[in-house]
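What follows is a single structure, written as structure tokens, with notes after it.
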Amino acid sequence: MNRLLYIVQKEFIQILRNRTLLPLMTVVPIVQMIVLSFAADNEVKNVNIAIVNQNHSMYARQLIEKINAADRFRLVDLPPSAKQADALMQDGSADIILTIPSAFETDFYRNKSAKIQLLVNAINGQQATVGASYLAAIIQSFNNEIRAEAAPQFVVQRVNPVPRINIESSYWYNEELDYKHFMIPGIMGELVTILVMLLTAMNIVREREVGTIEQINVTPIKKWQFILGKMIPFLFIGLMLLTVGLTAGKLLFDVPMRGNLAVVFAYCVVDISAVLGLGLFISNLSDTQQQAMFTTFFFVIIFILMSGLFTPIESMPQWAQYLTIPNPIAHFVNVMRSVLLKGSGFADVAYNFQATAIMAVVFNVMAVWSYRKVN
Amino acid sequence: MLKIFAAFVKKEVFHILRDTRTLIILFGMPIALVLIFGYTITNEFKGASMAVYDEAKDELSQDLIAHITASGHFELITLSENIEALDAAFKAGDAKIGLVIPAGFEQDFYKEKQTALQLITDATEPNYAATLTNYASQMIRAFQQEKGEVADMPYQIDLEMRMFYNPKLVGAYTFVPGVVALILMLICAMMTSLTIAKEKEMGTMDLLLASPLPPILIILGKVTPYSILSFLSALVVFAMGYFIFEVPILGSLPLLLGLCLLYLFVALALGVLISTKAQSQQTAMIISMFALMLPTMLLSGFIFPIESMPEILQFITKIIPAKYFIIIEKAIMLKGAGLESIWQQTLVLMLMVFVLLMAAWKNFKVIYK
Amino acid sequence: MQTAIKTESLTKTFGEFTAVNAITFEVKEGEIFGFLGANGAGKTTAIKMLIGLSRPTSGEAKVAGFDVYKEAELIKQNIGYMSQKFSLYEDLTVYQNIRFYGGIYGLKRKQIKEKSAQIIETLGLTEQAHKVVGSLPQGWKQRLAFAISGVHDPKIIFMDEPTGGVDPATRRQFWEMIYQTANNGTTIFVTTHYMDEAEYCNRISIMVDGRIDAMGTPRDLKTQFEAESMDEVFVKLVRGK
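Taken in order, these protein sequences are the chains called A, B and C.
The opening residue of the first sequence carries number 1423 in this note's numbering; numbering runs sequentially from there.
The opening residue of the second sequence carries number 55 in this note's numbering; numbering runs sequentially from there.
The opening residue of the third sequence carries number 193 in this note's numbering; numbering runs sequentially from there.
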């Protein structure tokens, strides 16, 4: 037991003395969290729109004003011809081109039906559809307004009303639909996991490259003592990082913390144990730090993309959903969001605890097994 | 001199080829990324679990439930007994959306011509919640029209909508260019900075510099193999995009590949610059990770739209090379644009290569002269 | 005198290649035993089998009375090892290195205190005790590494080319330390390819291509090969085949 403490002590001294690691563990994650939470915003804003107005009627002008007033759209130009508008889309300065044909107002009055053309740059599918549907909503409401002017009899149907279902929608846990409150807890889970995994993956292989591992191997120390001694300091670092992250999230972004934080920390311990095992396993199997890093990167990128952090897991095909089971980041993200935002209790996230605990056992057995004192 | 250089490159290539695991990762990573983006990353939803709290339990409410579940977009998971049960279902992650049908639903609808439903979403994930609400509302409106027999209104503005460049709204059109930008940056810049940092750490850099080869050739010799590897990787991604996900290359292929090379030079110059700064592999890795990989993923417009970012971040994106390269790729591949539409971005990348190389060279001189 | 190390046809093969070919020898307690040979003769492989880092392919070996196959962990408690590569932590201080290695050998807190005071004084490192090892000159690092390999008072200390890359004056100082340690009854097993160092050993064996081709005291060997110096003995031995 004493021997274990000496390893822990040594690792701590080394970590604290390392000039590159210290900022990595403190400043960088906080900066990351701030930048990420601003960048990772899927809200559709500032859609660039160009309008070709061939009608010049009052209605056309009103419509343009209405679009310009909507804060999701930015009117970049009013090109006189369709050809010039196409050029704007080609060079990327316009995302949507709206064309009001010359017969717009006449058609509206005479034929009781007018047309508006919408060309959407759909390279980024989601942006395009969401942007276009916002625009459609604006035009729809404009339509209702001018219809009320042109033909009031169709709007007020007191005599024989059509049955209506009013939909009252409410958004629980996040009434203002604040995207940051959603992202920050997830990002915290992701950062803790990545950092711990990278640091441990580099650790043993570094001792191997420098040559100190051989010296350790001729001592009577037990495998499990060595591995555990390596893990404990990183467990502390992970917990410290989580604490700093939660504090920053609360102070800077006022992220709600509705659930019991003890559940979050308890989960964090299990999660880090699992990730440490995986990191050490990678380290044991690598000959050089370069190899260790690349193997870790490979896992980290896949873990992040398939964690549900950016896109919902429920939207993935079934086989991909199974692949998220052995993904510690996926569980961490879910626990953070459920506990912090919804106030879920231990029982609600017990599944995440179980899956991660199994991973912890498997990864650590692999780590101890793959660490060979003798070749 | 050229002979020595060739021998040196050969030695480096040999080193890389012997490390099969790294090679597998170098080529496995782009393939895995393309497949993940292609098959699993989607914001569309299917089978979201809906909890229904039906206080009415009349014929119309049954019809409505049947109408909603028939679409396949929603799975009816629990018929919760009260609002508290809905809260529990949200907390455990069993349901994402709840529908409350009030008592007397049918009677209100036909007699009073007015009834109200409640849609409650777990809004921890705001976009998903908004999408779910939107879908459910549309279905309910369709149901209302079906049951209420509403006629078309006159004085209608019809919207004729056309999706340009990507009419089927294929996700691959965005991620293939993004993955190429990420892979080139990752392999090129990171690998170069790591190998050079390693020589420094091991003390073998001095040995190399003492050889008759001029320093510039030594650096070139170290970076050449990785440039070739990452270029090959990029080709693999383009090919997968073209053959599996049918991402077209409308513009000129030579132009695309040529600008790929230009971007690759930017990555190399970055790698060399980092390695002149970093004294150990660990440092090089950390800098690469936080200064290259994450910004390339997050601030380049690859995953998140730049237009939606706050001003400061939009400003920062101006120094991210991947941003310009992604614009170039999309323009050539999807819009069939020529150099005349993208000369500005090309110029920026050229300028970046120049500035980065100058900075690297200056650092290098400070250290080794 | 008792036997410290005893091997019988100890062999290690890697696939087709035989690195160590049936070597048999005995080292007495308190002896300084030199293990000579050119680079690649199999010295390092042999030493790794004796200290439990590498499992022998066949043959027998006992170190400090324990069997290398079954009691490797017991051997480790009783030996010290100093490798070719410098193996202290450069980012720890002198004192922290001593404390760490003392700790993982299971020394008590009090013993560690005494030991570190003693090592620091013997090496004259009082002023440097709280400086990181990376900042020390090479010669001091090596002497510190040797002192630390004996921190738990092992019966045998194994050294694998301990003096590589050190100037002759420092090498002499180093050997003085070795003599002192041997005088206290510790057995020293040292590999080297410096033939002048061989003269310092009580007994030496010379390895060529995985076999021990000659063994005896330096004087015996010089007589046997009719040579002036160990260098000559070695040259004759290698040419002779």
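Beta carbons are placed, not taken as given, at the ideal position from N, Cα and C, and that holds for glycine.
Worksheet item: By the criterion of Cβ-Cβ separation under 9 angstroms, what are the contact partners of Arg1630(A) in chain C?
Response: Neighbours of Arg1630(A) on chain C: none; closest Cβ ~11 angstroms, over 9 angstroms.
Worksheet item: For the candidate residues Cys242(B), Ala414(B), Gly232(B), Met83(B), whose alpha-carbon lies nearest to that of Leu322(B)?
Response: For the options Cys242(B), Ala414(B), Gly232(B), Met83(B), the alpha carbon positioned closest to that of Leu322(B) is the one of Cys242(B).
Item to complete: Mind listing the chain A neighbours of Gln288(C)? Cutoff is C-beta to C-beta under 8 angstroms, in chain order.
Response: For Gln288(C), the C-beta contacts it makes with chain A under 8 angstroms involve Lys1432, Ile1435, in order along the chain.
Fill in: Whole beta strand (DSSP E) elements within the segment 1576-1648 of chain A, 3-residue minimum
Within the segment 1576-1648 of chain A, the complete beta strand (DSSP E) runs of at least 3 residues are 1586-1594.
Item to complete: State the start and end residues of the unbroken beta strand (DSSP E) segment that holds Met351(C).
Response: Met351(C) -> beta strand (DSSP E) spans 348-352.
Discussion item. Within 10 Å of its beta-carbon, does Ile366(B) have 16 or more other beta-carbons around it, so buried, or fewer, so exposed?
Written reply: Exposed is the call here.
Item to complete: Count the C-beta pairs between the segment 398-415 of chain B and the segment 219-232 of chain C that are closer than 8 angstroms, then say yes if the count reaches three, no if not.
Response: Touching, no, given that fewer than three Cβ pairs across the two stretches are closer than 8 angstroms.
Fill in: Contacts of Thr350(B) in chain A (Cβ-Cβ under 8 angstroms)
Within chain A, no residue comes near Thr350(B); the closest Cβ sits about 12 angstroms away, beyond 8 angstroms.
Practice prompt. Could you check what DSSP says for Phe1754(A) in three-state terms: helix, strand or coil?
Written response: Phe1754(A): helix per DSSP, three-state reduction.
Practice prompt. Taking only beta carbons into account, state which residues of the segment 174-197 of chain B come closer than 7 angstroms to chain A, listed in chain order.
Written response: For the segment 174-197 of chain B, which is checked against every Cβ of chain A, the residues closer than 7 angstroms are Ile174, Thr175, Asp176, Ala177, Thr178, Glu179, Pro180, Asn181, Tyr182, Ala183, Ala184, Thr187, Ser191, Ile194.
Worksheet entry | Three-state class that DSSP yields for Lys384(B) in the structure shown | DSSP places Lys384(B) in helix when its eight states are reduced to three.
Worksheet entry | Spatial neighbours of Met245(B) in its chain, beta-carbon cut-off 6 angstroms, leaving aside the 5 residues before and after | Hits under 6 angstroms: Tyr280.
Practice prompt. For Pro1642(A), count neighbouring C-beta atoms within 10 Å of its own C-beta (all shown protein chains included) and say buried if the count is 16 or more, exposed if not.
Written response: Buried is the call here.
Worksheet item: Does any C-beta atom of chain A lie closer than 8 angstroms to the C-beta of Gly251(C)?
Response: At a cut-off of 8 angstroms between C-beta atoms, Gly251(C) does not count as an interface residue with respect to chain A.
Fill in: Interface partners of Ile312(C) on chain A, CB under 7 angstroms
The contacting residues do not exist; Ile312(C) stays about 18 angstroms from chain A at best.
Worksheet item: Taking the C-alpha atoms as reference points, what is the distance between Ile78(B) and Ile357(B)?
Response: Cα-Cα distance, rounded: 25 angstroms.
Discussion item. Tell me the rounded alpha-carbon separation between Glu252(C) and Phe1719(A).
Written reply: The alpha-carbon atoms of Glu252(C) and Phe1719(A) are separated by roughly 45 angstroms.
Worksheet entry | Outcome for Met399(C) when other beta-carbon atoms lying within 10 angstroms are tallied against a minimum of 16 | Buried is the call here.
Discussion item. Using only CA atoms, which one of Ala1714(A), Phe1716(A), Lys1764(A), Leu1700(A) lies nearest to Asn1749(A)?
Written reply: Of the candidates Ala1714(A), Phe1716(A), Lys1764(A), Leu1700(A), the residue whose Cα lies closest to the Cα of Asn1749(A) is Leu1700(A).
Worksheet item: Any chance the CB of Glu389(C) is under 7 angstroms from a heavy atom of the ligand FAD?
Response: Among the components modelled here there is no ligand, and therefore nothing to report on the ligand FAD.
Item to complete: Assign Ser265(B) to one of three DSSP states: helix, strand, or coil.
Response: Coil at Ser265(B), not helix or strand.
Item to complete: Would you tell me roughly how many angstroms separate the C-alpha atoms of Asp117(B) and Ala149(B), rounded to the nearest one?
Response: Inter-residue distance for Asp117(B) and Ala149(B) is about 21 angstroms (C-alpha atoms, whole angstroms).
Fill in: CB-CB length for Asn270(C) against Tyr281(C), believed under 8 angstroms
Contact flag wrong, Cβ pair sits at about 24 angstroms.
Practice prompt. Could you name each continuous alpha helix (DSSP H) segment of 4 residues or more that falls completely within the segment 317-402 of chain C, going from the start of the chain to the end?
Written response: Note on the segment 317-402 of chain C: whole alpha helix (DSSP H) runs with a minimum of 4 residues are 330-341, 360-375, 387-390, in chain order.
Practice prompt. Flag Leu87(B) as yes if its beta-carbon sits less than 8 angstroms from any beta-carbon of chain A, otherwise no.
Written response: Under the Cβ distance rule, Leu87(B) counts among the residues neighbouring chain A, one pair being separated by less than 8 angstroms.
Fill in: For Ala1491(A), three-class secondary structure by DSSP
Residue state, collapsed to three classes: helix.
Worksheet item: Comparing the C-beta of Leu353(B) with each C-beta of chain A, is any distance below 8 angstroms?
Response: At a cut-off of 8 angstroms between beta carbons, Leu353(B) contacts chain A.
Worksheet item: Is DSSP giving Asp283(C) helix, strand or coil here?
Response: Asp283(C): coil per DSSP, three-state reduction.
Discussion item. Using only CA atoms, which one of Glu1571(A), Met1455(A), Leu1540(A), Ser1524(A) lies nearest to Asn1475(A)?
Written reply: Here the closest residue by C-alpha is Ser1524(A).
Discussion item. Let me check understanding here. Comparing Cα to Cα, which of Phe144(B), Ala124(B), Ile211(B), Val277(B) lies closest to Ala190(B)?
Written reply: For Ala190(B), the closest alpha carbon among the candidates Phe144(B), Ala124(B), Ile211(B), Val277(B) is that of Ala124(B).
Worksheet entry | Neighbour flag for Lys268(C) against chain A, beta carbons, 8 angstroms | Yes, Lys268(C) lies at the interface with chain A (some Cβ there is under 8 angstroms from its Cβ).
Worksheet item: In chain B, what lies closer than 8 angstroms to Glu1590(A) by C-beta?
Response: Within chain B, the residues near Glu1590(A) are Ala170, Leu171, Gln172, Leu173.
Worksheet item: Can at least three beta-carbon pairs, one atom from the segment 371-391 of chain C and one from the segment 352-363 of chain C, be found at a separation below 8 angstroms?
Response: With a cut-off of 8 angstroms, the segment 352-363 of chain C and the segment 371-391 of chain C count as touching, because enough Cβ pairs lie within range.
Worksheet item: What number of angstroms, rounded off, separates the C-alpha of Val212(C) from the C-alpha of Lys198(C)?
Response: Just so you know, the alpha carbons of Val212(C) and Lys198(C) end up roughly 15 angstroms apart.
Discussion item. Can you check which of these residues, Phe1687(A), Phe1716(A), Lys1602(A), is closest to Phe1732(A) by C-alpha distance?
Written reply: Looking only at Phe1687(A), Phe1716(A), Lys1602(A), the smallest Cα-Cα distance to Phe1732(A) is reached by Lys1602(A).
Item to complete: Say whether chain B places a C-beta atom closer than 8 angstroms to the C-beta of Thr1634(A).
Response: The beta-carbon of Thr1634(A) is placed no less than 8 angstroms from the nearest beta-carbon of chain B.
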